[in-house]
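Here's the structure, in structure tokens; my notes come after.
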Amino acid sequence: DTEVTQTPKHLVMGMTNKKSLKCEQHMGHRAMYWYKQKAKKPPELMFVYSYEKLSINESVPSRFSPECPNSSLLNLHLHALQPEDSALYLCASSQGQAKGLAKNIQYFGAGTRLSVL
Amino acid sequence: KQEVTQIPAALSVPEGENLVLNCSFTDSAIYNLQWFRQDPGKGLTSLLLIQSSQREQTSGRLNASLDKSSGRSTLYIAASQPGDSATYLCAVFRYAGGTSYGKLTFGQGTILTVHP
């Protein structure tokens, strides 16, 4: 099973709303990632969690708040977003981040399409 | 800062043709390089991963090569089919200096259309 499940698939929210995106994997992976992808652009890394600890934050605005409650679950809490935050949000996971691993292939979910009105 | 460039930006070919997609990167201190496929509005599917010590990887009709010293990779697709139509992205994985934490940097992608 190489599946990364993201919910919801689509989300429409106003600028004053609070919502959360959810990502789940059951591959025993210990690294999980959030990416943001604007239309016709490549994915851009937002956050990396390694062993449930935040290891990389790519200077993402505080209106995006990640959370990793356990090794299988990754959340992205959204608050006071702007219309320019509308994008496809992708979650990914890999075996780990440590050097020496034979492979650190990232497996991606189908994404959440977010529209901010 | 790592920059990844893919050429061409778009490619349209008739079914059955062999084709090559190109990827170049500016910083050769990479750990691995991955090729992904993305269908419209969907997530990414990993096609091939090449470790920095390897020269090429093959999977079915796909063959990816890596020349780390020159900062180049190519994805070769043999006998293309309409089902191959998608955006193909290359991405390089690099560890931040002195740390065990790394990140993928993506190219802009090549939009491939294979017509019957």
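From first to last, the protein sequence lines are chains A and B. Under my numbering, the residues of the first sequence are numbered 1 to 117, in order. Under my numbering, the residues of the second sequence are numbered 1001 to 1116, in order. Quick reminder that beta carbons are idealized off the backbone N, C-alpha and C, glycines included. Since this is a predicted model, take the numbers as computed values, not measurements.
Identified DSSP bridge partners for residue i
i                 : result
Lys80 (chain A)   : A small correction: the amino acid at residue 80 (chain A) is Ala; Lys does not occupy that position in the sequence shown. Ala80 (chain A) pairs with nothing; no bridge assigned.
Cys1090 (chain B) : B:Trp1035
Gln106 (chain A)  : Beta-bridge pairing links Gln106 (chain A) to no other residue.
Asn1018 (chain B) : Paired residues: none, contrary to the question.
Met15 (chain A)   : Met15 (chain A) pairs with nothing; no bridge assigned.
Ile1007 (chain B) : B:Asn1022
Lys126 (chain A)  : Residue coverage of chain A in this structure runs from 1 to 117, which leaves residue 126 (chain A) outside it and unanswerable.
Ser1046 (chain B) : B:Phe1036
Gln1051 (chain B) : B:Asn1032
Residue i - DSSP class collapsed to helix/strand/coil
i                 : result
Gly1102 (chain B) : strand
Pro1082 (chain B) : helix
Val1114 (chain B) : strand
Ala95 (chain A)   : It is Gln, not Ala, that sits at residue 95 (chain A) in the sequence shown. Coil, per DSSP.
Leu117 (chain A)  : coil
Val60 (chain A)   : coil
Residue burial classification, residue i (beta-carbon count within 10 angstroms, cutoff 16)
i                 : result
Ala1079 (chain B) : exposed
Lys38 (chain A)   : exposed
Ala92 (chain A)   : buried
Thr7 (chain A)    : exposed
Asn1018 (chain B) : exposed
Arg1094 (chain B) : buried
Tyr107 (chain A)  : buried
Met46 (chain A)   : buried
Met32 (chain A)   : buried
Ser115 (chain A)  : exposed
His77 (chain A)   : exposed
Leu54 (chain A)   : exposed
Tyr49 (chain A)   : buried
Gln1081 (chain B) : exposed
Limits of the beta strand (DSSP E) - the one that residue i falls within
i                 : result
Asp1067 (chain B) : Leu1062 to Asp1067
Glu1056 (chain B) : Glu1056 to Ser1059
Lys19 (chain A)   : Lys18 to Gln25
Asn57 (chain A)   : Lys53 to Asn57
Met46 (chain A)   : Glu44 to Ser50
His29 (chain A)   : Segment: none, His29 (chain A) is in no beta strand (DSSP E) and carries neither H nor E.
Pro66 (chain A)   : Phe64 to Asn70
Ser1073 (chain B) : Arg1072 to Ile1077
Gln6 (chain A)    : Val4 to Thr7
Chain E residues whose Cβ lies nearer than 9 Å to that of residue i
i               : result
Tyr49 (chain A) : In summary, chain E is missing from the structure at hand, where the protein chains are A and B.
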